[in-house]
Structure formats: structure tokens, C-alpha cells
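Inspection log for the structure reproduced underneath, given as C-alpha cells.
In my numbering, the protein residues as written are 338 to 755.
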């Protein structure tokens with residue numbers, strides 16, 4: 338292969354892929370057998386955690402040629418940029434060579450759509466198949482599913498990829514029609530429905546037949562762009578909740594719109610979405626998935642936006658002071674999980690430890706509880722810290738005065754053009 342030309346392609350297509358944030362890999366358990374390459378067990382390759390920590394992936398597009406003209410996308414067909422495309426074999430060779438040099442631990446592969454959905458998806462599947470069957474590659478592979486691709490190709494993709502994802506792109510269908518009138522949300526939902534049913538079916542088969550092939554063991558995910566269209570946080574989270582419940586998604590990723598193109602339908606250049614808004618959406622997402630919160634408890638019609646000053650759990654607690662203080666030695670797990678400053682693991686430790694005696698502040702601190710927040714909302718086997726004459730607003734001010742967020746530094750307000 339021509340090394341200079343491959344390097345040029347890599348520079349173009351790796352840069353074009355940076356706008357896709359949905360490349361976390363936790364959840365796959367593909368084991369390395371028969372002395373193959375790589376290992377995706379409990380994460381990917383040499384990472385044995387499922388806590389979402391970053392690993393090295395080769396993250397590229399197959400091509401940045403595209404038949405669509407989405408206003409928010411740097412690869413839109415009307416944009417005057419350098420275009421490039423890898424061949425199937427070039428991506429395979431790059432992945433293997435980069436892995437052998439210990440540069441990467443897996444592959445994240447997306448693509449612009451050239452010709453049609455099946456034509457593009459077939460090439461993505463061929464890359465994954467070659468890596469698995471010809472090179473015995475057992476590292477992590479995340480394929481972006483192409484909206485409108487056939488069920489046959491989706492099925493084959495699931496046999497070779499650890500995770501598949503279809504980007505919803507906009508939180509609502511109205512937002513998609515505004516910025517990508519050639520696209521149809523139904524085309525995005527169809528493969529998600531197929532994957533949901535196929536994953537359930539293969540999971541049941543695996544219970545009956547030990548040798549049944551694994552199918553997308555890390556499940557499916559999606560990504561939505563926030564800030565390009567006027568949806569508020571309530572609409573974004575309600576959309577995410579719908580897809581979690583109806584399509585068994587592992588993750589919804591929230592990508593703040595990065596203004597790269599001048600368009601009257603989009604926010605002005607140099608007014609990117611504040612990073613803190615992304616951060617708050619992820620925190621709210623976590624509350625829905627692991628802490629038992631419902632969407633309308635986090636945001637509602639009266640308060641459609643998340644508070645950028647404080648996290649969503651603290652915001653809920655301040656609005657619901659009648660639920661506090663919580664007796665840490667008597668409350669059930671679900672109520673303890675709602676206390677600001679107490680995470681999932683700490684809550685589980687509290688419930689287990691109090692069987693052997695009443696807990697005090699020192700013990701709670703050793704369990705990982707953030708006392709600077711929790712002390713306003715709980716009582717335990719100690720009277721220290723206990724002040725019950727504070728209003729929610731007082732508590733908010735006290736906490737803000739003693740804490741700093743890296744996401745609030747240099748926060749700029751996105752210009753509102755909607």
C-alpha cells in the first residue's frame with residue numbers, strides 16, 4: 338500500500354470521526370481463544386473493568402463521502418472539504434498493524450453513506466468479518482449501523498461486532514426534519530428494533546445451547562446532538578427514556594453541537610454548547626438508569642431545563658425538602674440512593690454495614706459518602722453537622738461556596754437563535 342496516501346486518508350477520516358462520541362466499550366465479554374489477537378473480556382483488550390474508563394480505539398470513518406446534506410454535519414455533501422475513502426483491506430490492515438504496535442485495543446468504525454445504506458453497511462460488515470475470521474481478532478469492535486440497512490446485514494454485523502449503534506442524531510423528529518430533511522427517523526428506528534429482538538433471541542438461545550454464537554454482546558447504543566435544535570432538556574431526556582425502555586439500549590450519548598458550518602438554521606459559529614450542559618444530561622441519564630428516578634422527577638413542564646449550577650440529584654433534593662432528613666440507619670436503599678453525595682456503591686455498603694451496628698459520620702466518610710453534600714440531608718448515629726433550619730436555597734448556596742466544577746469554568750452561553 339502507498340504509505341503516504343494511507344497517512345493522508347487517516348488524517349482526513351480520523352479527524353472527521355471526532356464528532357462521534359458514542360465509543361465507550363464497557364460490557365463486552367468476548368474472550369481470546371485459540372491464541373488470537375486482542376481480548377475484549379470485561380471491557381476491551383487489556384482493560385478489565387466495566388466502569389467506562391477510556392481505552393485506546395482506532396476511531397475512523399470508512400469514508401467522508403456522503404449522499405446526504407445534513408446541516409449539522411461536517412461531511413455534508415455541499416461542504417467543500419477534502420474527501421477520502423478507505424478500502425476494506427486498508428482498514429483491516431491498519432487495525433492489525435496498529436494493534437501489533439500496541440497503539441490501539443479495538444476499532445470504532447463509522448462512515449458517511451455513499452451510494453445507499455446497504456452498499457455502505459456491507460463494507461463495514463466485511464471489515465469486521467475479515468478481522469474476526471481471517472485474522473482471529475478478538476479485540477473490541479464497534480460498528481455504526483447505517484439507517485435503512487437490511488435485516489440480513491444487521492444480523493451479520495451482530496455476529497462480528499461487540500456493539501452496534503444507530504445515531505438518532507436529533508432528539509426529536511421535528512429537529513431532524515429541520516436540519517436533515519432527506520432523512521427519516523423511521524429508517525433509524527427500524528434497525529434498532531431489529532437489533533433489540535435479535536439480541537433477546539440470541540440471549541435465549543445461549544441459555545439453551547452453549548455453543549450458540551454470541552450476538553452484539555455489548556448491546557446497542559445511540560447518540561443525539563444537543564444544542565443544534567431548540568429542544569429543551571426535558572424533551573431530550575424524555576426521548577432518551579423512550580428509547581431505553583422500548584429498545585433496551587445500553588447507552589444514549591449526548592454530543593454538544595460544535596458549530597463548524599454557517600447556516601441560518603444553526604447556532605452562530607464560535608458559540609458551542611456549554612460542556613456543563615452535556616455533563617448535566619449525563620448525570621440525569623445516570624439517575625434514570627441506576628438510581629430509580631423518573632424523567633418527570635428530574636425535569637418537567639415547569640422546569641424544562643436542568644440547573645447548570647448544581648447536579649440533578651441535588652436539584653431534586655432541594656425541591657423536595659419534605660423528604661429529608663433521611664435516617665441512614667433505617668431508610669431503604671431506594672431512599673438512600675436519592676441523598677445527594679451518596680453514590681450507588683456507597684448506598685449498597687451502607688445497607689450491608691448497618692446490619693452490624695448503627696453508622697456514624699466517620700463510617701459514612703470511609704464508605705465514600707461526600708459529607709459536604711450529604712450532611713444536609715441525613716441523620717445518623719451522631720449529632721455533629723445536624724442543622725435542620727436551612728432552606729433548600731440556603732443549602733444550595735453553602736454547597737456552591739465550598740465546591741468547584743471543572744465544567745463551570747469558562748462557561749459561555751450559547752446564542753439562542755430559535
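All C-beta atoms, glycine included, are put in the ideal place defined by N, C-alpha and C.
The alpha helix (DSSP H) that contains residue 512, what's its start and end?
Walking along the chain shown from the start, residue 512 turns up at place 175. That run of the alpha helix (DSSP H) goes 510-516.
Quick one: give me the first and last residue of the beta strand (DSSP E) that residue 562 is part of.
Mapped onto the chain shown, residue 562 falls at position 225. Element bounds for residue 562: 557-563.
Looking at the secondary structure, which residues open and close the beta strand (DSSP E) in which residue 675 lies?
On the chain shown, residue 675 is found 338 positions in, with the first residue counted as 1. In the DSSP assignment, residue 675 falls outside any beta strand (DSSP E) and carries neither an H nor an E.
Going by other Cβ atoms of all chains shown within 10 Å of its Cβ, with 16 needed for buried, is residue 467 buried or exposed?
Locating residue 467 in the chain shown gives position 130, counting from the first residue. That one is buried.
CA nearest to the CA of residue 506, picked from 627, 573 and 649
Taking the chain shown and counting its residues from 1, one reaches residue 506 at position 169. Checking every option, the nearest Cα to that of residue 506 belongs to 573.
Could you tell me the boundaries of the alpha helix (DSSP H) in which residue 478 lies?
Indexing the chain shown from 1 puts residue 478 at position 141. Bounds of any alpha helix (DSSP H) do not take in residue 478; it lies within the beta strand (DSSP E) bounded by 477-481.
Can you give me the start and stop residues for the alpha helix (DSSP H) that residue 456 sits inside?
Within the chain shown, the letter at position 119 stands for residue 456. For residue 456, the uninterrupted alpha helix (DSSP H) run begins and ends at 454-470, by DSSP.
Report the option in 727, 490, 516 and 440 whose CA atom is closest to the CA atom of residue 535.
Position 198 of the chain shown, counting from 1, holds the residue named residue 535. Considering only alpha carbons, the answer is 490.
Along the chain, where does the alpha helix (DSSP H) containing residue 581 start, and where does it finish?
Counted from its first residue, the chain shown places residue 581 at position 244. Where residue 581 is concerned, the enclosing alpha helix (DSSP H) stretches over 570-584.
Between 409, 357, 699 and 404, which has its C-alpha nearest residue 600's C-alpha?
Looking up residue 600 in the chain shown gives position 263. Ranked by Cα distance from residue 600, the options 409, 357, 699 and 404 are led by 409.
Residue from 619, 592 and 529 whose Cα sits closest to the Cα of residue 585
Counted from its first residue, the chain shown places residue 585 at position 248. The closest CA to that of residue 585, considering only 619, 592 and 529, is found on 529.
Out of 356, 662, 434 and 486, which one is the CA nearest neighbour of residue 732?
Stepping through the chain shown from its first residue, residue 732 is reached at position 395. From the listed residues 356, 662, 434 and 486, the smallest Cα separation to residue 732 is found for 662.
Sub-8 Å separation of residue 562 and residue 594 beta-carbons
Position 225 of the chain shown, counting from 1, holds the residue named residue 562. Position 257 of the chain shown, counting from 1, holds the residue named residue 594. Result yes, Cβ atoms of residue 562 and residue 594 sit closer than 8 Å.
Short check: CB of residue 499 to CB of residue 472, under 8 Å?
Numbered from 1 along the chain shown, position 162 holds the residue referred to as residue 499. Numbered from 1 along the chain shown, position 135 holds the residue referred to as residue 472. Taking a C-beta distance under 8 Å as the contact criterion, residue 499 and residue 472 do not qualify as a contact pair.
Between the alpha carbons of residue 726 and residue 658, how many angstroms are there, rounded?
Taking the chain shown and counting its residues from 1, the one referred to as residue 726 is at position 389. Taking the chain shown and counting its residues from 1, the one referred to as residue 658 is at position 321. In this structure, the straight-line span from the alpha carbon of residue 726 to that of residue 658 is close to 11 Å.
Beta carbon of residue 611 nearer than 8 Å to that of residue 651
Taking the chain shown and counting its residues from 1, the one referred to as residue 611 is at position 274. Taking the chain shown and counting its residues from 1, the one referred to as residue 651 is at position 314. One thing to note: residue 611 has its Cβ no nearer than 8 Å to the Cβ of residue 651.
By the three-class DSSP mapping on this structure, what secondary structure does residue 551 have?
For this step, residue 551 is matched to residue 214 along the chain shown. When DSSP states are grouped into helix, strand and coil, residue 551 belongs to the coil group.
Let's test the definition: count the other Cβ atoms within 10 Å of the Cβ of residue 617 and tell me whether it reaches 16, buried, or not, exposed.
Locating residue 617 in the chain shown gives position 280, counting from the first residue. Flag for residue 617 reads buried.
Assign residue 426 to one of two classes, buried (16 or more other C-beta atoms within 10 Å of its C-beta) or exposed (fewer than that).
Counting from 1 along the chain shown, the entry for residue 426 is found at position 89. Looking at its Cβ environment, which holds fewer than 16 other Cβ atoms inside 10 Å, residue 426 is exposed.
For residue 440, report the span of its beta strand (DSSP E) as first-last.
For the purposes of this step, residue 440 is identified with residue 103 of the chain shown, where counting begins at 1. Premise fails: residue 440 is in no beta strand (DSSP E) and is neither H nor E.
Can you tell me whether residue 506 is helix, strand or coil according to DSSP?
Your numbering for residue 506 matches position 169 in the chain shown. Correct three-state label for residue 506: strand.
How many Å lie between residue 484 and residue 622 at the Cα?
Taking the chain shown and counting its residues from 1, one reaches residue 484 at position 147. Taking the chain shown and counting its residues from 1, one reaches residue 622 at position 285. Roughly 24 Å between the two C-alpha positions.
Drop a sphere of 10 angstroms on the beta-carbon of residue 474, count the other beta-carbons inside from all chains shown, and report buried for 16 or more, exposed for fewer.
Here residue 474 refers to the residue found at position 137 of the chain shown. Looking at its Cβ environment, which holds 16 or more other Cβ atoms inside 10 Å, residue 474 is buried.
Evaluate residue 570 with the Cβ neighbour count: other Cβ atoms within 10 Å of its Cβ, from every protein chain shown; 16 or more gives buried, anything less gives exposed.
Along the chain shown, read from residue 1 onward, the residue named residue 570 stands at position 233. It is buried - the Cβ of residue 570 has at least 16 other Cβ atoms within 10 Å.
Whole-angstrom distance between residue 442 and residue 349, CA atom to CA atom
To locate residue 349, count along the chain shown from 1; it is residue 12. To locate residue 442, count along the chain shown from 1; it is residue 105. Going by the C-alpha atoms only, they are around 21 Å apart.
Tell me whether residue 404 sits in a helix, a strand or coil according to DSSP, three-state version.
Within the chain shown, the letter at position 67 stands for residue 404. Here residue 404 sits in coil by DSSP.
For residue 428, tell me which candidate among 463, 589, 719 and 640 has the shortest Cα-Cα distance.
Mapped onto the chain shown, residue 428 falls at position 91. Comparing Cα-Cα distances from residue 428 to each of 463, 589, 719 and 640, the minimum goes to 463.
Anticipated Cβ contact below 8 Å, residue 421 with residue 346, distance rounded:
Reading the chain shown from its first residue, position 84 is the one you call residue 421. Reading the chain shown from its first residue, position 9 is the one you call residue 346. That belief holds up - the Cβ atoms of residue 421 and residue 346 are roughly 4 Å apart, short of 8 Å.
Would you identify the three-state DSSP class for residue 450, choosing helix, strand or coil?
Position 113 of the chain shown, counted from the first residue, corresponds to residue 450. DSSP, read as helix, strand or coil, puts residue 450 in coil.
Within a Cβ cutoff of 8 Å, which residues of the same chain sit near residue 637, ignoring the five residues on either side of it in sequence?
Mapped onto the chain shown, residue 637 falls at position 300. Cβ-Cβ distances below 8 Å link residue 637 to 571 in the same chain, with the five nearest sequence neighbours on each side left out; the list follows chain order.
Less than 8 Å between the C-beta atoms of residue 649 and residue 620, yes or no?
As a first step, residue 649 must be located in the chain shown, where it is residue number 312. As a first step, residue 620 must be located in the chain shown, where it is residue number 283. A distance below 8 Å separates the beta carbons of residue 649 and residue 620.
How about residue 566 and residue 515: are their beta carbons less than 8 Å apart?
By one-based count along the chain shown, residue 566 stands at place 229. By one-based count along the chain shown, residue 515 stands at place 178. Judged by beta-carbon spacing, residue 515 lies within the 8 Å limit of residue 566, meaning their Cβ atoms are closer than that value.
Buried or exposed, going by whether 16 or more other CB atoms sit within 10 Å of the CB of residue 568?
Here residue 568 refers to the residue found at position 231 when the chain shown is read from its first residue. Under the 10 Å beta carbon count, residue 568 is surrounded by 16 or more other beta carbons and is classified as buried.
Consult DSSP for residue 663 and reduce its assignment to one of helix, strand or coil.
Numbered from 1 along the chain shown, position 326 holds the residue referred to as residue 663. In the three-state scheme derived from DSSP, where H, G and I count as helix and E and B as strand, residue 663 is classed as strand.
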